[in-house]
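Asks:
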Amino acid sequence: MLEGEIRKQKEIGGFLDRIERMGNKIPHPFILFIWLIVIVWIASFICESMGVSVINPVDNKVVTVKSLLSAEGIIYMLKNMIKNFTGFAPLGVVLTMTLGIGLAEHVGFLSALMRETILGASPKVVTFIVMLIGVCGSIASDVAIVIIPAIAATIFTTIGRHPLAGIALGYASTSAGFSANLMIVATDALLSGISTEAIQIVNKNISVTPVDNWYFMFVSTFVLAIVGTLICEKIIEPRLGTYKGNKIIESEKVTPEEKKALKKAGIGALIYVGIILTIILPKNSFLRNPETGSLIPSPFLSSIIPILLILFIIVSYIYGKEIGKIKKGSDIPKYMATSISDMSSYIVLVFVMSQFIAYFNWTNLGYVIAVNGVNKLKSAQFVGIPLFIMFILLTSLINILIGSASAKWALLAPIFIPTFYMLGYNPALTQMLYRIGDSTSNVISPISPYFPIILGLANKYDKKAGVGTILSIMLPYSLIMLGTWILLAILWFILGLPLGPSVPIR
Numbered sequence: 016m017l018e019g020e021i022r023k024q025k026e027i028g029g030f031l032d033r034i035e036r037m038g039n040k041i042p043h044p045f046i047l048f049i050w051l052i053v054i055v056w057i058a059s060f061i062c063e064s065m066g067v068s069v070i071n072p073v074d075n076k077v078v079t080v081k082s083l084l085s086a087e088g089i090i091y092m093l094k095n096m097i098k099n100f101t102g103f104a105p106l107g108v109v110l111t112m113t114l115g116i117g118l119a120e121h122v123g124f125l126s127a128l129m130r131e132t133i134l135g136a137s138p139k140v141v142t143f144i145v146m147l148i149g150v151c152g153s154i155a156s157d158v159a160i161v162i163i164p165a166i167a168a169t170i171f172t173t174i175g176r177h178p179l180a181g182i183a184l185g186y187a188s189t190s191a192g193f194s195a196n197l198m199i200v201a202t203d204a205l206l207s208g209i210s211t212e213a214i215q216i217v218n219k220n221i222s223v224t225p226v227d228n229w230y231f232m233f234v235s236t237f238v239l240a241i242v243g244t245l246i247c248e249k250i251i252e253p254r255l256g257t258y259k260g261n262k263i264i265e266s267e268k269v270t271p272e273e274k275k276a277l278k279k280a281g282i283g284a285l286i287y288v289g290i291i292l293t294i295i296l297p298k299n300s301f302l303r304n305p306e307t308g309s310l311i312p313s314p315f316l317s318s319i320i321p322i323l324l325i326l327f328i329i330v331s332y333i334y335g336k337e338i339g340k341i342k343k344g345s346d347i348p349k350y351m352a353t354s355i356s357d358m359s360s361y362i363v364l365v366f367v368m369s370q371f372i373a374y375f376n377w378t379n380l381g382y383v384i385a386v387n388g389v390n391k392l393k394s395a396q397f398v399g400i401p402l403f404i405m406f407i408l409l410t411s412l413i414n415i416l417i418g419s420a421s422a423k424w425a426l427l428a429p430i431f432i433p434t435f436y437m438l439g440y441n442p443a444l445t446q447m448l449y450r451i452g453d454s455t456s457n458v459i460s461p462i463s464p465y466f467p468i469i470l471g472l473a474n475k476y477d478k479k480a481g482v483g484t485i486l487s488i489m490l491p492y493s494l495i496m497l498g499t500w501i502l503l504a505i506l507w508f509i510l511g512l513p514l515g516p517s518v519p520i521r
């Protein structure tokens with residue numbers, strides 16, 4: 016029995032080692048996009064030389080591929096390099112959200128809020144609370160992936176449950192459920208910006224906004240929280256059995272000062288939300304649609320990012336002032352500057368991503384691929400639900416080898432968004448399907464920067480825990496959450512429910 020278990024662990028370890036080696040051979044996303052740009056140069060030159068073209072199905076006009084290595088193409092690249100970078104749709108939105116979320120993170124507001132919510136939960140519902148807060152933890156970006164598994168391990172140990180089950184629950188909620196949330200977060204802004212760039216390959220009058228997946232992701236939050244709770248209590252904990260190791264209580268409890276600061280910040284948030292509601296509730300509000308008086312669409316929804324920024328600044332200032340993290344006005348821009356500096360690697364990556372998408376658009380390669388792809392899919396009758404499942408599974412597979420959500424979407428969106436759009440699907444639907452595949456395989460990717468952190472945390476409670484141990488307790492979360500999310504997407508599609516405010520599936 017013991018030899019069989021050892022052999023199984025070695026096989027798992029060998030499989031993961033191969034995946035890790037494959038992942039390590041993939042160049043840094045910056046270099047990857049440089050190579051993709053070179054491929055676009057060569058492909059556009061060859062296709063123009065061969066006279067590759069397609070018929071626009073809308074106006075029946077001929078669309079030909081243009082070469083970037085021609086005089087016209089070189090002039091375009093030189094003339095538009097800065098414009099491509101500064102005009103990249105996600106850049107301004109993501110940096111704006113970063114100012115607010117980063118301030119909340121650096122003054123300690125987000126950490127205290129998560130600790131207060133989870134540590135104060137009743138033992139009877141602690142599994143669900145950890146899962147729910149973890150899924151919503153993406154509002155704090157990657158910080159939650161580090162904080163919540165550690166807190167969950169402490170809570171589980173304290174109430175006599177297995178700490179590894181707590182670690183797995185915390186990691187699954189924050190990583191496998193990363194795309195879902197009750198609020199609009201930085202991920203919504205980041206992906207919708209790339210989606211907008213991609214859809215404009217075929218239709219420059221369409222844009223994707225940060226709220227376009229909100230309804231689906233809102234419901235997904237509760238569905239994943241329930242499913243994650245069942246996986247933990249019905250599968251993972253029975254398998255792990257009773258914990259017999261040393262109890263390690265490390266999570267820092269919320270101090271009375273932090274509780275007082277959280278309360279005051281909460282009051283400030285309620286006052287701000289009350290003011291916003293007072294403004295938007297009247298039918299003649301200037302934040303409503305001037306023609307219909309509706310909130311969908313309206314200046315309010317199109318201004319959701321600045322509105323959220325102000326909310327984060329208010330709660331962060333009140334909390335930071337009360338706790339002593341903000342002693343003078345200059346502390347606010349200092350924390351904000353630190354947040355932006357943390358985004359420097361993303362800004363550098365955006366430079367090459369923006370060039371790649373712009374070149375792909377200008378050459379008409381994206382359009383030609385989309386039209387040919389649509390024709391092949393239609394002739395094979397491979398559309399609808401089978402196509403959706405295939406795309407989600409493809410994304411999940413790629414996610415195991417390429418971790419960056421923005422890099423993957425910048426690679427896939429210019430191909431799949433135009434293709435799905437020509438099949439009659441809203442670009443917001445394609446983005447939603449991508450987010451399902453992108454999230455659920457995070458927890459089984461050995462090249463994830465958080466995998467070693469989770470392994471190290473597990474070793475504090477079980478010295479024998481290895482990569483195979485983590486995989487064995489995370490795989491049920493990955494597969495079952497993926498299957499559940501796919502079923503939810505299929506049900507959403509069949510019922511024809513809107514993906515977000517005034518965002519139909521077709």
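By the count of my numbering, the sequence shown reaches residue 521 at its end, each step adding exactly one.
Virtual Cβ for every residue (Gly too), placed ideally from N, Cα, C.
Cα separation between Arg176 and Ile432?
Replies: Arg176 and Ile432: Cα-Cα distance of roughly 45 angstroms.
Asks: Restricting to runs no shorter than 4 residues, where is the alpha helix (DSSP H) found entirely within the segment 230 to 288?
Replies: The segment 230 to 288 contains these whole alpha helix (DSSP H) runs: 252 to 255.
Asks: Going by DSSP in three states, Met16 sits in which element: helix, strand or coil?
Replies: Because the pLDDT of Met16 is 44, which lies under 50, any placement of that residue in the model is unreliable, and the number read from its coordinates should be weighed accordingly. Correct three-state label for Met16: coil.
Asks: Are the Cβ atoms of Ala443 and Leu514 separated by less than 7 angstroms?
Replies: Cβ atoms of Ala443 and Leu514: closer than 7 angstroms.
Asks: According to DSSP, is Phe508 helix, strand or coil?
Replies: In this structure, Phe508 counts as helix in the three-state DSSP scheme.
Asks: Throw me the rounded Cβ distance for the Ile407 and Lys423 pair, which I believe falls under 8 angstroms.
Replies: Ile407 to Lys423, Cβ: 13 angstroms. No contact.
Asks: Between the Cα of Lys268 and the Cα atoms of Leu448, Met92, Ala136, which residue gives the shortest distance?
Replies: The option with the nearest alpha carbon to Lys268 is Ala136.
Asks: Using 7 angstroms as the threshold, is the C-beta distance between Val458 and Ser190 below it?
Replies: Cβ atoms of Val458 and Ser190: closer than 7 angstroms.
Asks: Please identify the residue among Gly117, Ile290, Pro461 whose C-alpha is closest to the C-alpha of Ala159.
Replies: Nearest option by C-alpha distance: Gly117.
Asks: Let me check understanding here. Comparing Cα to Cα, which of Met447, Phe48, Met489 lies closest to Phe466?
Replies: Answer by Cα proximity: Met489.
Asks: Secondary structure at Thr79, three-state DSSP: helix, strand or coil?
Replies: Thr79 falls in the strand class under three-state DSSP.
Asks: Alpha carbon to alpha carbon, how far is Ile250 from Thr307?
Replies: Cα-Cα distance, rounded: 51 angstroms.
Asks: Buried or exposed for Ile509, going by 16 or more other Cβ atoms inside 10 Å?
Replies: Ile509 comes out exposed.
Asks: Please determine, among Ile97, Trp507, Lys391, Ala168, the residue with the shortest C-alpha to C-alpha distance to Ser522.
Replies: This structure does not reach residue 522, given that the chain is present from 16 up to 521, and the question cannot be answered.
Asks: Take every Cβ of the segment 368 to 379, pair it with every Cβ of the segment 392 to 399, and state whether three or more of those distances are shorter than 8 angstroms.
Replies: With a cut-off of 8 angstroms, the segment 392 to 399 and the segment 368 to 379 do not count as touching, because too few Cβ pairs lie within range.
Asks: With 16 other CB atoms within 10 Å as the buried threshold, where does Pro44 fall?
Replies: Classification of Pro44: buried, given that the 10 Å Cβ count is 16 or more.
Asks: Locate the alpha helix (DSSP H) running through Ile52, then write down its first and last residues.
Replies: From DSSP, the alpha helix (DSSP H) with Ile52 extends over 44 to 64.
Asks: How should Ile320 be labelled, buried or exposed, when 16 other C-beta atoms within 10 angstroms of its C-beta is the threshold for buried?
Replies: Ile320 should be labelled buried.
Asks: Cα separation between Ile148 and Val140?
Replies: So the two alpha carbons sit approximately 12 angstroms from each other.
Asks: Pop quiz: Ala187 and Gly243 are said to be a contact at Cβ under 8 angstroms. What is the actual Cβ separation, rounded to whole angstroms?
Replies: Going by Cβ atoms, the distance from Ala187 to Gly243 rounds to 6 angstroms, so yes, they are a contact pair.
Asks: Using the three-state DSSP reduction, which class does Val200 fall into: helix, strand or coil?
Replies: Coil.
Asks: Report the three-state DSSP secondary structure of Gly107 (helix, strand or coil).
Replies: Here Gly107 sits in helix by DSSP.
Asks: Using 7 angstroms as the threshold, is the C-beta distance between Ser421 and Leu134 below it?
Replies: No.
Asks: Considering only the alpha carbon of each residue, which of Ile372, Ile241, Leu502, Ile362 lies closest to Met146?
Replies: Checked all of Ile372, Ile241, Leu502, Ile362; the closest Cα to Met146 is Ile241.
Asks: Under 8 angstroms, with one C-beta from each stretch per pair, do the segment 349 to 369 and the segment 48 to 66 reach the 3-pair mark?
Replies: The segment 349 to 369 vs the segment 48 to 66: in contact.
Asks: Would you check if the segment 277 to 285 and the segment 331 to 343 touch, i.e. whether three or more CB-CB distances between them fall below 8 angstroms?
Replies: Taking 8 angstroms as the limit for Cβ pairs, the verdict is that the segment 277 to 285 does touch the segment 331 to 343.
Asks: With DSSP collapsed to three states, give me the class of Gly515.
Replies: Residue state, collapsed to three classes: strand.
Asks: Please decide whether Pro491 counts as near chain B, where near means a Cβ-Cβ distance under 7 angstroms.
Replies: In the displayed structure, chain B is absent; only one protein chain is listed.
Asks: For Val69, which three-state DSSP category applies?
Replies: In the structure shown, Val69 sits in a strand (DSSP, three-state: E or B).
Asks: Cutting at 7 angstroms between CB atoms, please list the residues of its own chain near Phe327, excluding the five before and the five after it.
Replies: Answer for Phe327: Gly115, Ile116, Leu118, Ala119, listed in chain order.
Asks: Please confirm if the segment 80 to 98 is in contact with the segment 352 to 362, defined as three or more CB-CB distances below 8 angstroms between the two stretches.
Replies: Result no; under three Cβ-Cβ pairs closer than 8 angstroms.
Asks: Buried or exposed, going by whether 16 or more other CB atoms sit within 10 Å of the CB of Met16?
Replies: With a pLDDT of only 44 at Met16, under the threshold of 50, the placement of this residue in the model should not be trusted; the figure read from the coordinates follows. The residue is exposed, with fewer than 16 neighbouring Cβ atoms inside 10 Å.
Asks: In this structure, does DSSP put Arg450 in helix, strand or coil?
Replies: Helix.
Asks: Spatial neighbours of Leu323 within its chain, please: C-beta separation below 8 angstroms, excluding the five flanking residues on both sides.
Replies: Hits under 8 angstroms: Met112, Gly115, Met198, Ile199.
Asks: In whole angstroms, what separates the C-alpha of Thr172 from that of Pro178?
Replies: Taking the straight line joining both Cα atoms gives about 5 angstroms.
Asks: Got a sec? Which residues, its chain only, sit under 7 angstroms from Met232 by beta carbon, not counting five neighbours each side?
Replies: Ser194, Ala195, Asn196.
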